[in-house]
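Its first residue numbered 12, the sequence shown is counted upward by one per residue in our numbering.
Data first, discussion second: the structure below is written as C-alpha cells.
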Amino acid sequence: MRNKNSLKYGVVMSVLIWTTPVLAQAAPQGDEGVSIIVTGSRIRQNPLNQDKPVVTVDQEAIGRTGLSSIADVLQRIPSAAGGLNTKVNNAGNIGGPPDGTGVSSGSAEVDLRYLGAKRTLILVDGMRYVNGSAAGGIPASVDLNTIPANMIERVEVLQSGASPLYGTDAIAGVVNIITKQSQKGLDFSAQFGTFRQGDGHTWDINASYGIQTDRTSLVFGANYVKQDGVRTADRSISQWPTPGATSCAAGGCSSATPNGRYDVLGQSLTLNAPVIGRNPTLADYRNYSSSTDSFNFAPYNYLLTPSERYGAFVNFKGELNDSVNLRTRFVYQHRGSTTQAAFLPLFIGPDAGNGNLLDTISVDVTNPYNPFGVTLSSGADGSQPNYSTIRRRFVEGGQRTFTQDVDTLTMAATLDGSFDVGEHKWYWDVNGVYGINDAHQVFTGNLNAARLRQALGPVSACTAPCVPFNIFGGAGSITQAMLDYVTFDERDKSDQRLWDFTANLSGELFDLPAGAVGFAIGYEHRDQKASYSPDPIIVAGLGADVPTSPARGGFNVDEVYGEIRIPILADTPFFQKLDLNGAVRHSNYSSFGGNTTMTVSGLWKPTRDLLLRGGYAESLRAPSIGELYAGLSRTDATIDDPCTSAPGGSFQTNATVRANCIANGVPASGSYAEPNGGQLGVFSQGSTALKPETAKTWTAGGVYSPAWARNSGFASTLSLEVNYYKIRLKNAIDSVPASLTLHRCAFDADPVSCAAITRTANGNVAGISGRLLNLNAIRTDGLDASLIYRSPAISDGTIGLTVNAAYLIKYDVLPPSDLNAPVQKFAGTERGSTDQAYPRFKLNATLDWSTDGYGASFTGRYISKVDERDGVHSMGSTFYGDIQLYFSPGWMDHRARLTLGVNNVFDKDPPACFTCDSANFDPTTYDVPGQFGYLRLSYKM
C-alpha cells in the first residue's frame, strides 16, 4: 500500500464501519510482523492488530449492486442516511435549502449518521477532493458523481469523528476512495439496465488499462454512464400532489392554473374556458373553486432525473530510486444532467409573495386584454390596491427545464520515501492537490418581470419590440410574439477551487517490552475558493421563478497534528495485546481563528479471538464558503400557517392565536384564508459571524472472530461485531425552522419570531426570514452490528452470509434555550421538507454461492416503519429484495463474465409520504418504484 495512504482516517476511538451486506469484505490482511498503513491511523502497524474495524467496498462488491454511481452504493449502508442523489428533482424551482449550500441538481452525496453530507469528509487516496457544484449555489460537500467508478480500487468508510488527523468536516466520519495504483492489461465492462415499465434506461461502460515495469506502474481509463429519466406521470404514487388522490379535491394542487385565478376587485375569479381569437369579457369569468379549478402539477416532474457522465483518469507511480517514489493522479469528469418542473406558476400583485418587482405590477386599463374596465393597481404608486394577485400557469412557455453542465478536474502529486534512524525505519511523504469544479446551468421557461410590467402597463408605453401581454385569456392565449418579448433563458454559473499541501513523517521512536512506540506528525495548508453567479436578470430581481443572489468567498487554513501509539502489554495471559493511541491537531483558519481537537483510544485483546476497544474523539466543522458568504435567496417550503382561517388553521378557533395574528398583520375580519398544504417563501442568507461546529464522540465495541470455527472446518471466515456510538454536536449551523417561527408568533407572540415574518396588507405571508446561525445542538446514539460468514470450500465454491444492521437509539435536535422550543426527537420519524427518514432499524443481509464459473446471490434490505411529523400519517416498514446471477466460462480462463440481476425483485413500492417535498416518497431512503433489471458483460485480460 502506498505511503500517501497514511493520510487515511483520523485517530478515532472505537470507530465502527458498516456497509451493506453485498459490500462487506475482509480488511486487507498481511503476514505477522509486516507493518503497513492501516485505516484509522497514520502510524504503520500489523494489519492483523488493527485497533479500528475496517470494511472494504471494492470493485467486485460495487458490481454486485447493479448500481452505476458509487454514491448510490454507499447510501445503502445501514448507518448512512442516504443523501442527495439523482432521485432528487429539486432544480431550484422550490429554491435551495435554507442552509447556505445551494441547489446541487444532478449531484450525489453520502450522509453518515444522519448528520448531513457536509459533516462527512470525503478523501481520495487519503487526500481532500474539490467540493461539488451545479450552478445553484455553493455546496459544502463533494459530488461523488465527479469520481469515475472504474478508477476505484476500493472504498473505506470510517464512521466516527476524525478531525484530530483530518481536520474539518470529519464529524460523522470519513469516506476514503482509494484508486487503482497497479493493473496488468485490460479491464472492460458494459452494462445495460432498465425498469420493467420500460423507462430509466441506464448504460454504464468502463474500460481501463494497466502497464507495469520493474520500477513504474501506469493505469489509465475512461468511463461513460447515461441514465434516462423516469417521469412522475408514469408511476401511480406520484401522479397527484397528495398520495392516493384522484383529483385536486384532495388538496395539494396549485392555485396558479392555466386558465388563471384573478383575485381582483374583491372577487376570486377564473375563466369558464380559454378565450382564443378575441379579447375576454366579464361574461367569460366565474367564481374560482380550489377543489375543481386548481392545477395538478405533479405529473410534470421527474422521479429519476436523466444524466450523462463521461471522463478519464491516469494514475502513475515511478520509483526515482530505491527509497523515493513519485506518484501522480489526473482525473477529468463531465456531467450533463437535467431536472424539470411544471410550467412556471406566474404570480403578480401585492399578495404574490415573490419578493421582487412582480409584487408591484399594475395592469393598466388600456391593456387591450384587461376586461375589468379599470387599472388593477398593486398600490406601488401610493394608490389603494384594488387587486390581490393574478395567478397564471404559464403553459405557453413550456415546462421549466434546468440543464446542468459540470466539469471537474483534479490533479495530485506525491513524493514519498523512507530512511533509517538507528534500528528503526521512518517514512515521509509530501503531497499536493489542485481541483476545480466548474458548473453552468441553463433554465428555460423563465420570464423577465421588467418586460412583463411594460407589456401589462399603459399600451402607449408598450412600443416595439414590446408586445401587449394577454394574462387574462387562459391557456393558449399568449402568442409567440408575446412570449418572445417577456421570456428569457436564465444562465447561471458557479465554481469551486481547492489547493491542498500536506507533509507527513511517521515511524518508530524506541522499543518497549510490548513493542515499539510509533509516532506520526504532519502539516497541512489548504486554500478553498468558490463563487456563484446567477443570471444578471435574476440578480436584478427581475426573474419570475425563485429569486437568488450571487456569492463569492474563500478561506485558508494551516494545521499541524501529532499522533502516538504506545504498546502497554503483549503476549501475556488475558492481555494478548493492550495498546493506547492518542492524537492532537491544531488548526488556524482565516475565517474564524484557531481551534484544537484531540482524541484518545484503547485496544484490548484478552485472547486472539476477541478484540475490545473504546475511545473518545473531538471534532470540528468550519463554516463552509456558502454558509459564510451566501447571498439572500428564497426557499419555497411546504408549511402551514396557523393564522389562516382555512380548515386546519387556528385563527377561528383560538382566541390567543387570533389576537397574535392580528397584531402580526392578519386582517381581523378573518378574510385571510390561504389553504394549508401550500408553499411559503423562506429567505435565508449566510453570515461571516458564524463559528465552527464542534462535536464529541464516544465509541465502544468488540469483535469476536473465533479460531475454532476456522480450525474445525465450520467456516473459512466468521466474525461478529457489535459497536455503540454517542455523538454530541454543538453550534450546529442552521436557520430557525420557518414552521417554528410561525408557531411561536401565533401562539406565543414572540417578538423575534413575529419580526421575522413579513405579511402583505391582506395577511398573506410575503416571506419568513431564516438567516443562518450557530443554532442547535444535536444528540445521537446508536448501535451497529455485523455478522460475516464464509464457508470452507464446498464442491468448487463457497457459501457466504453477511448481515449488517443499525439501530438508532436517539436523534434529538435541541434548539437554544432562548427559543423556548421543545426538543425535536427525530428517531423513528420522517422529517419532510427537506426529505429525510430516521428509521429506528435498518438491516441488510446477503446470501451468496460463488464459484469461479458461476454464482448467485440474494440481498434483502429492510427499513423499519417511520411516523410523519404531522402526527397523522405513518410510513410502513419496507423490505426490498435484489438477486444476481453470473456465469464465467472456463474455456475463456474465467476472464469473461456475464451477469444478470434484478433489483427490487418483489416490486415493492416505497411507502407514501404526505409531508415530503418530493414526489410523495422520500428519495433519500427508498427506491424508485418498479423492478430494475440489468445485464452486464465484463472482460479482464
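Cβ atoms here follow ideal geometry from the backbone N, Cα and C, with glycine treated the same way.
Since the structure is predicted, the reported quantities are computational estimates derived from the model, not experimental observations.
When you compare only the Cα positions, how much space is there between residue i and residue j?
i, j, result
"Phe917", "Tyr891", "7 Å"
"Gln36", "Glu167", "Low confidence applies here, because Gln36 scores a pLDDT of 39, under 50, leaving its location unreliable; read the following figure in that light. Their Cα atoms are separated by approximately 10 Å."
"Lys836", "Thr791", "10 Å"
"Ala628", "Cys927", "35 Å"
"Arg842", "Tyr849", "8 Å"
"His536", "Ser746", "31 Å"
"Gly41", "Ser868", "Note that Gly41 scores 39 on pLDDT, short of 50, meaning its location in the model is unreliable and no value can be drawn from it."
"Ala233", "Ala160", "10 Å"
"Val342", "Val230", "12 Å"
"Tyr865", "Thr857", "17 Å"
"Asp556", "Gly692", "12 Å"
"Ala183", "Ala838", "17 Å"
"Val571", "Arg403", "59 Å"
"Leu520", "Thr610", "20 Å"
"Thr213", "Pro547", "36 Å"
"Asp295", "Glu879", "43 Å"
What are the boundary residues of the alpha helix (DSSP H) that includes residue i?
i, result
"Ser318", "No alpha helix (DSSP H) contains Ser318, which is instead part of the beta strand (DSSP E) from Ser318 to Asn332."
"Gly637", "Ile636 to Tyr640"
"Val84", "Ile81 to Leu85"
"Val668", "Ala666 to Ala674"
"Leu467", "Ala460 to Leu467"
"Arg289", "It is not in any alpha helix (DSSP H) - Arg289 carries neither H nor E in the DSSP assignment."
"Glu574", "Glu574 -> not in any alpha helix (DSSP H); beta strand (DSSP E) instead, spanning Ala562 to Thr583."
Can you name, in chain order, every residue of its own chain whose Cβ lies under 8 Å from the Cβ of residue i, other than the five neighbours on each side?
i, result
"Asn785", "Leu701, Lys702, Glu704, Asn742, Ala743 and Ile744"
"Asn367", "Ala460, Gly552, Leu553, Gly554 and Pro558"
Between which two residues does the beta strand (DSSP E) harbouring residue i extend?
i, result
"Glu501", "Thr498 to Leu523"
"Ala648", "Ser644 to Thr649"
"Leu176", "Element bounds for Leu176: not the beta strand (DSSP E) but the alpha helix (DSSP H), Ser174 to Tyr177."
"Asp958", "The requested residue 958 is not part of the displayed model; the chain covers only 12 to 952."
"Ile489", "That residue, Ile489, is in no beta strand (DSSP E); it is neither H nor E in DSSP."
"Ile359", "Val335 to Ile359"
"Val714", "Glu704 to Tyr715"
"Asn722", "Unbroken run through Asn722 is the alpha helix (DSSP H), Ala718 to Asn722; no beta strand (DSSP E)."
"Glu732", "Thr728 to Asp745"
"Ile73", "That residue, Ile73, is in no beta strand (DSSP E); its alpha helix (DSSP H) goes Gln70 to Thr76."
Tell me which residues share the same chain as residue i and place their Cβ nearer than 7 Å to its Cβ, disregarding the 5 neighbours each side in the sequence.
i, result
"Lys616", "Gln587, Lys588 and Leu622"
"Gln452", "Ala145, Ala146, Gly147, Phe413, Thr414, Gln415 and Asp503"
"Ala260", "Ser302"
"Gln86", "Gly93, Gly94, Asn96 and Val121"
"Cys473", "Gln465, Ala466 and Pro479"
"Asn481", "Tyr380, Ser488, Ile489 and Met493"
"Ala657", "Ala684, Glu685, Pro686 and Asn687"
"Gln223", "Ser193 and Lys195"
"Asn378", "Leu467, Val470 and Pro479"
Excluding sequence positions up to five away, which residues of its chain have a Cβ less than 6 Å from the Cβ of residue i?
i, result
"Gly941", "Phe206, Arg207 and Gln208"
"Pro934", "Lys98 and Val99"
"Tyr273", "Leu280 and Ile401"
"Val755", "This sequence places Arg at residue 755; Val is not what is there. Taken in chain order, the residues that qualify are Asp761 and Ser764."
"Trp902", "none"
"Asn665", "none"
"Tyr235", "Ile216 and Tyr321"
For a cutoff of 8 Å on Cβ pairs, would you count residue i as touching chain B?
i, result
"Asp500", "Given the protein chain composition of this structure (a single chain), no chain B is represented."
Margin query: Does the segment 296-311 come into contact with the segment 90-100, if we say contact requires no fewer than three beta-carbon pairs (one atom in each stretch) closer than 8 Å?
Written below: No, the segment 296-311 is not in contact with the segment 90-100.
Note to self: What ranges does the beta strand (DSSP E) occupy inside the segment 756-793, keeping only unbroken runs of at least 3 residues that lie completely in it?
What the structure shows: 768-770 and 776-780
Margin query: Could you tell me which whole beta strand (DSSP E) segments of length 3 or greater appear in the segment 869-934?
Written below: 877-879, 889-898 and 907-914
Margin query: Quick check on the DSSP output: what are the complete alpha helix (DSSP H) runs of length 4 or more inside the segment 536-560, in order along the chain?
Written below: Taking only runs of at least 4 residues, the alpha helix (DSSP H) segments lying wholly in the segment 536-560 are 547-550.
Notebook entry, point to check: Do three or more CB pairs link the segment 626-643 to the segment 597-608 at distances below 8 Å?
Noted result: yes
Notebook entry, point to check: Can you find at least 3 beta carbon pairs, one from the segment 184-200 and one from the segment 294-301, that sit closer than 8 Å?
Noted result: no
Notebook entry, point to check: Residue ranges of each alpha helix (DSSP H) run of no fewer than 4 residues wholly in the segment 233-272, ordered along the chain?
Noted result: Note on the segment 233-272: there is no whole alpha helix (DSSP H) run with a minimum of 4 residues.
Note to self: Pairs of beta-carbons, one from the segment 661-677 and one from the segment 686-702, closer than 8 Å: are there three or more?
What the structure shows: Taking a cut-off of 8 Å for Cβ pairs, the segment 661-677 and the segment 686-702 do not touch, as fewer than three such pairs fall below it.
Check: Counting pairs of Cβ atoms below 8 Å between the segment 386-397 and the segment 126-134, do you hit three or more?
Finding: With the cut-off at 8 Å, the segment 386-397 and the segment 126-134 do not touch.
Notebook entry, point to check: What are the complete alpha helix (DSSP H) segments, minimum 4 residues, inside the segment 128-185?
Noted result: 174-177
Checklist line | Those runs of the beta strand (DSSP E) which lie wholly inside the segment 789-853 and span at least 3 residues | finding: If one requires a minimum length of 3 residues, the beta strand (DSSP E) runs lying completely within the segment 789-853 are 808-825, in chain order.
Next item on the list: May I ask you to verify whether the segment 509-527 touches the segment 316-323, counting CB pairs closer than 8 Å and requiring at least 3?
Entry: Not touching, per the Cβ criterion.
Margin query: With three or more beta-carbon pairs closer than 8 Å as the criterion, would you say the segment 428-442 touches the segment 326-337?
Written below: yes
Next item on the list: Assess, as a yes-or-no matter, whether the segment 520-537 is touched by the segment 574-584 under the definition of 3 or more beta carbon pairs within less than 8 Å.
Entry: yes
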